[in-house]
Amino acid sequence: MNTTYETDVVAWAEEQAVLLRAVKFSQLDIEHIADEVEDVGKSEKCALLSRTAVLLAHC
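Residue numbers (this note's numbering): 16 to 74.
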């Protein structure tokens with residue numbers, strides 16, 4: 016393990032999930048996890064706004 020966020024974000028995410036499920040909180044990359052959670056929220060909000068605009072354009 017110990018894949019870094021900068022070298023392989025997919026492998027990093029999988030490792031972080033394993034650590035979370037194993038309740039190994041002290042080994043988590045908290046800063047990057049927080050960044051990723053924020054990014055997911057922003058992405059979902061952007062997608063919702065885009066789909067709403069498309070829906071309204073079709074009305």
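For each residue, glycine too, the CB sits at the ideal point set by N, CA and C.
The structure presented is a predicted model; accordingly, all values stated were derived computationally and were not measured.
At what residue ranges does the stretch 30-68 contain a whole run of the beta strand (DSSP E), taking only runs of 3 or more?
Those beta strand (DSSP E) runs which fall completely within the stretch 30-68 and span 3+ residues do not exist here.
Alpha-carbon to alpha-carbon, serine 65 and phenylalanine 40:
Cα to Cα, phenylalanine 40 sits roughly 36 angstroms from serine 65.
Look at the alpha carbon of alanine 28 and the alpha carbon of leucine 63, and state the distance between them as a whole number of angstroms.
Roughly 24 angstroms between the two C-alpha positions.
For valine 38 and glutamine 31, I'd like the C-alpha separation in whole angstroms.
Each residue's Cα considered, the two are about 10 angstroms apart.
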